[in-house]
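Peer 1:
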């Protein structure tokens with residue numbers, strides 16, 4: 115069986131994984147990024163969630179910097195929207211983007227950083243020795259490949275590394291959400307892409323009907339098919355009632371990954387929970403403004419990225435240790451990229467000293483993050 119060895123293996127190519135890979139490779143680490151689809155960006159691209167939510171506190175103060183800001187500005191490098199943040203239009207540091215444009219920009223950034231990218235490659239197994247992840251198994255057109263690394267980053271969105279390693283995970287309920295880029299002559303919204311007439315996003319947020327506590331292949335299939343069924347019913351209803359016809363309202367493209375926003379997350383050394391907004395921690399690795407509420411700030415502790423029982427792994431993005439309202443706040447694109455950069459930085463530093471993220475002195479990591487422009491404390 116083919117085997118490859120790296121300093122850092124980034125598992126999952128969403129914005130968190132891309133940010134982690136860039137942070138690691140730019141620090142000179144031999145870095146691989148493994149993605150199950152053929153597009154980087156995760157829900158932002160394959161999921162058609164084309165809104166880069168705020169990097170600010172909603173009151174004119176930027177909270178998130180670093181690679182997350184770099185990705186926001188890159189998202190329309192090959193697209194129709196203005197590349198600069200839309201402060202004046204929306205009152206927050208936010209941007210709309212073309213998913214296809216974002217893919218091209220992410221490809222370019224990864225290539226320039228020297229990341230070894232493996233697309234169409236799914237992680238199917240883990241090898242754990244003395245509570246440390248030492249190797250993963252990946253399936254692709256080459257067959258089964260074993261990948262060893264000094265440090266692994268779980269940016270899968272659903273804590274797949276921890277789950278495959280037999281570690282306990284947490285779960286959440288999910289609303290039925292469908293993002294569709296469509297031709298719709300009868301509805302224009304603020305989510306329309308500049309320069310793309312009659313192109314809109316349809317988000318069908320209905321009652322919470324699925325819980326990921328029983329996350330399985332069947333549950334994911336049912337979730338996806340139910341979302342498309344509801345969209346199909348909406349179109350049928352409009353056609354029947356004469357609101358629209360097949361020429362005035364129809365889908366242009368659909369999501370190619372499941373729109374499950376909170377699937378599994380790690381059980382970390384610390385869990386960020388409801389009511390912890392505004393709370394200071396001893397090991398902060400970033401501060402961000404809640405996308406739902408101007409002025410509401412959260413601090414992310416480093417321990418929430420570290421699995422409680424599994425060494426050699428650090429989490430990033432939607433699967434860091436968060437529950438309740440904190441999970442809702444941390445799961446979004448800018449925060450995922452922020453924690454991705456933290457994870458990639460920590461992975462590179464740990465790999466350079468042949469250690470693990472758990473052993474990395476927090477003070478040294480904090481110094482590196484500050485050099486990258488991170489805000490670690492709440493504004494005074």
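In the numbering used here, the protein residues as written are 115 to 494. Quick reminder that beta carbons are idealized off the backbone N, C-alpha and C, glycines included. If you're wondering where the values come from, they're calculated on a predicted model, not measured in any experiment.
(1) Here's the rule: buried if 16 or more other CB atoms are within 10 angstroms of the residue's CB, otherwise exposed. What is residue 473?
(2) Between residue 123 and residue 441, what straight-line distance do the alpha-carbon atoms span, to the nearest angstrom?
(3) Could you tell me the distance, in whole angstroms, from the CA atom of residue 210 to the CA atom of residue 245?
(4) Alpha carbon to alpha carbon, what distance is there between residue 343 and residue 121?
(5) Given that a residue counts as buried once 16 or more other Cβ atoms are within 10 Å of its Cβ, and exposed if not, what is residue 491?
(6) What residues are listed by DSSP as bridge partners for residue 141?
(7) Indicate the three-state DSSP secondary structure (helix, strand or coil) for residue 353 in the structure shown.
(8) Taking DSSP as the reference, what is the three-state secondary structure of residue 226?
(9) Distance, Cα to Cα, residue 127 vs residue 422?
(10) DSSP state of residue 268, grouped into three classes?
(11) Give the C-beta separation of residue 249 and residue 236 to the nearest angstrom, bearing in mind that I take them to be a contact with Cβ-Cβ under 8 Å.
(12) Taking DSSP as the reference, what is the three-state secondary structure of residue 213?
(13) Less than 8 Å between the CB atoms is what I'm expecting for residue 161 and residue 475, so what's the real figure, rounded?
(14) Just verifying my parser: in three-state terms, what is the DSSP assignment at residue 244?
(15) Please confirm whether residue 457 and residue 419 have their CB atoms less than 8 Å apart.
(16) Any idea which residues DSSP pairs residue 165 with across the strands?
(17) Check whether the region 394-403 and the region 184-201 are in contact - that is, three or more C-beta pairs closer than 8 Å.
(18) Does the distance from the C-beta atom of residue 376 to that of residue 391 stay below 8 Å?
(19) Report the CB separation of residue 448 from residue 182 in whole angstroms; it is logged as a contact under 8 Å.
(20) Just to confirm, is the Cβ distance from residue 134 to residue 231 under 8 Å?
(21) For residue 333, which residues in the same chain have their Cβ closer than 6 Å to its Cβ, ignoring the five residues on either side in sequence?
(22) Rounded to whole angstroms, what is the Cα-Cα separation between residue 436 and residue 385?
(23) Spatial neighbours of residue 271 within its chain, please: CB distance less than 7 Å, with the 5 preceding and 5 following residues excluded, ordered by chain position.
(24) So what does residue 367 bridge to, in DSSP terms?
(25) Quick one, are the C-beta atoms of residue 180 and residue 487 less than 8 Å apart?
(26) Taking the alpha carbon of residue 279 as the reference point, which residue from 337, 240, 292, 263 has its own alpha carbon closest?
(27) Between which two residues does the alpha helix (DSSP H) harbouring residue 481 extend?
Peer 2: Well, looking at it:
(1) The sequence position of residue 473 within the chain shown is 359, counting from 1. Exposed, because fewer than 16 other Cβ atoms sit within 10 Å of the Cβ of residue 473.
(2) On the chain shown, residue 123 is found 9 positions in, with the first residue counted as 1. On the chain shown, residue 441 is found 327 positions in, with the first residue counted as 1. In a straight line, the C-alpha of residue 123 is about 25 Å away from that of residue 441.
(3) Position 96 of the chain shown, counting from 1, holds the residue named residue 210. Position 131 of the chain shown, counting from 1, holds the residue named residue 245. So the alpha carbons of these two residues sit roughly 42 Å apart.
(4) In the chain shown, the residue the question calls residue 121 occupies position 7. In the chain shown, the residue the question calls residue 343 occupies position 229. Residue 121 and residue 343: Cα-Cα distance of roughly 44 Å.
(5) Here the question's residue 491 lines up with position 377 in the chain shown. Counting Cβ neighbours within 10 Å, residue 491 comes out exposed, since fewer than 16 surround it.
(6) Locating residue 141 in the chain shown gives position 27, counting from the first residue. Paired residue(s): none; residue 141 is not in a bridge.
(7) Position 239 of the chain shown, counting from 1, holds the residue named residue 353. In this structure, residue 353 counts as helix in the three-state DSSP scheme.
(8) As a position in the chain shown, residue 226 is number 112, starting the count at 1. If DSSP states are grouped into helix, strand and coil, residue 226 belongs with the helices.
(9) Residue 127 sits at position 13 when you count from the first residue of the chain shown. Residue 422 sits at position 308 when you count from the first residue of the chain shown. Approximately 24 Å, taken between the alpha carbons.
(10) Working through the chain shown from its first residue, we reach residue 268 at position 154. Strand.
(11) Within the chain shown, the letter at position 135 stands for residue 249. Within the chain shown, the letter at position 122 stands for residue 236. So it is not a contact: roughly 16 Å between Cβ atoms.
(12) Counting from 1 along the chain shown, the entry for residue 213 is found at position 99. Residue 213: helix per DSSP, three-state reduction.
(13) Mapped onto the chain shown, residue 161 falls at position 47. Mapped onto the chain shown, residue 475 falls at position 361. Beta-carbon to beta-carbon, residue 161 and residue 475 are separated by about 37 Å, too far to satisfy the 8 Å threshold.
(14) One-based indexing of the chain shown puts residue 244 at position 130. Residue 244: coil per DSSP, three-state reduction.
(15) Counted from its first residue, the chain shown places residue 457 at position 343. Counted from its first residue, the chain shown places residue 419 at position 305. Yes; because the gap between Cβ atoms is below 8 Å, this pair is in contact.
(16) Counted from its first residue, the chain shown places residue 165 at position 51. Answer by DSSP bridge pairing, in chain order: 210.
(17) no
(18) As a working note, residue 376 is residue 262 in the chain shown. As a working note, residue 391 is residue 277 in the chain shown. The answer is no: Cβ separation not under 8 Å.
(19) To locate residue 448, count along the chain shown from 1; it is residue 334. To locate residue 182, count along the chain shown from 1; it is residue 68. Sure, about 5 Å apart at Cβ, within 8 Å.
(20) Along the chain shown, read from residue 1 onward, the residue named residue 134 stands at position 20. Along the chain shown, read from residue 1 onward, the residue named residue 231 stands at position 117. The answer is no: Cβ separation not under 8 Å.
(21) For this step, residue 333 is matched to residue 219 along the chain shown. Excluding positions up to five away in sequence, the list is empty.
(22) To locate residue 436, count along the chain shown from 1; it is residue 322. To locate residue 385, count along the chain shown from 1; it is residue 271. Whole-angstrom Cα-Cα distance: 5 Å.
(23) Numbered from its first residue, the chain shown carries residue 271 at position 157. So the list reads 126, 128, 156, 377, 431, 432, 433, once near-sequence residues are dropped.
(24) For the purposes of this step, residue 367 is taken as the residue at position 253 of the chain shown. Paired residues: 295.
(25) In the chain shown, residue 180 corresponds to position 66, counting from 1. In the chain shown, residue 487 corresponds to position 373, counting from 1. Yes, they are a contact pair.
(26) Reading the chain shown from its first residue, position 165 is the one you call residue 279. Checked all of 337, 240, 292, 263; the closest Cα to residue 279 is 240.
(27) Stepping through the chain shown from its first residue, residue 481 is reached at position 367. 476-485 is the extent of the alpha helix (DSSP H) around residue 481.
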